[in-house]
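S.K.:
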Amino acid sequence: MLSSIVVFLLFALVILGIECDISCTFSRSTRKIKCGNQECSANTNETPFGYYKLGTVIWNRGNGNYWVNLYPKKKNGDGFWDYYCENPDTGRSKIALHPGSITAGCISVPDSDCWSQLETKLRQQESYSFSVTGVERSGYSDRLSFSCNGGWSAGARLTKPVYVIGSLQVIN
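The following block contains the structure:
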């Protein structure tokens, strides 16, 4: 009985197109991002190689569009950095996946139709709480970022919850 319920639930998930913890890949050499079966041409200004958690699709009032914050995995493998923190492994902060033109370190999808399909796919994902390493004031303002190693007004390092929907790997 239990096995038939499990089979039914898996079948329902496949039929409905619901995916758990979507996995995406961005190739810097081919300039393509692929999430599930959705692939788009994309641009970058040298997004650091590595593994990231994908945040939920959010409205960025500063840029006037929806996008996805990326949370980079620490080089030592011990967790992930906050989006707003200057990552001590790369010296970068505020790396995102978004529509439109290229921005420093982000992955941008210039084709609005392809972005719309990708955004829809990402919105279909179930979000879950995930802990990242930040500092007391990370996320304080859209225009500020603070060193994850502390700094003149950043405050103490801490673990904070964010909502994520999956992962992204940036490869060559």
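If you're matching positions, the sequence shown starts at 1324 in the numbering used here and goes up one per residue.
The beta carbon of each residue, even a glycine, is placed where N, CA and C say it ideally should be.
Taking 6 Å as the limit between beta carbons, can you name the residues of its chain near residue 1432, skipping five residues before and five after?
M.R.: For residue 1432, where only same-chain residues beyond five positions count, the Cβ hits under 6 Å are 1363, 1365, 1422 and 1438.
S.K.: For residue 1425, I'd like the list of residues in its chain whose CB is within less than 6 Å of its CB, leaving aside the five on either flank, ordered along the chain.
M.R.: Hits under 6 Å: 1366, 1368 and 1431.
S.K.: Could you check which residue in 1494, 1489, 1347 and 1445 has the C-alpha nearest to that of residue 1452?
M.R.: 1489
S.K.: Classify residue 1372 as buried or exposed, calling it buried when 16 or more other Cβ atoms lie within 10 Å of its own Cβ.
M.R.: It is exposed - the Cβ of residue 1372 has fewer than 16 other Cβ atoms within 10 Å.
S.K.: Check each candidate in 1482, 1449 and 1445 and name the one with the smallest Cα separation from residue 1347.
M.R.: 1445
S.K.: Entirely within the stretch 1371-1451 and at least 4 residues each: give me those alpha helix (DSSP H) ranges in chain order.
M.R.: For the stretch 1371-1451, the full-length alpha helix (DSSP H) segments reaching 4 residues or more read 1435-1446 along the chain.
S.K.: Identify whether residue 1352 lies in helix, strand or coil by the three-state DSSP scheme.
M.R.: In this structure, residue 1352 counts as coil in the three-state DSSP scheme.
S.K.: Going by the CB atoms, is the gap between residue 1389 and residue 1449 shorter than 8 Å?
M.R.: Between residue 1449 and residue 1389, the C-beta gap is not smaller than 8 Å, which leaves the two residues out of contact.
S.K.: Which same chain residues, not among the five before or five after residue 1397, have their C-beta less than 7 Å away from its C-beta?
M.R.: 1403, 1404 and 1412
S.K.: At the level of alpha carbons, what is the spacing between residue 1454 and residue 1435?
M.R.: Here the C-alpha atom of residue 1454 lies approximately 32 Å from the C-alpha atom of residue 1435.
S.K.: Just to confirm before moving on: does the CB-CB distance between residue 1370 and residue 1408 stay below 8 Å?
M.R.: no
S.K.: Whole angstroms are fine: how far does the CA of residue 1394 sit from the CA of residue 1406?
M.R.: 5 Å
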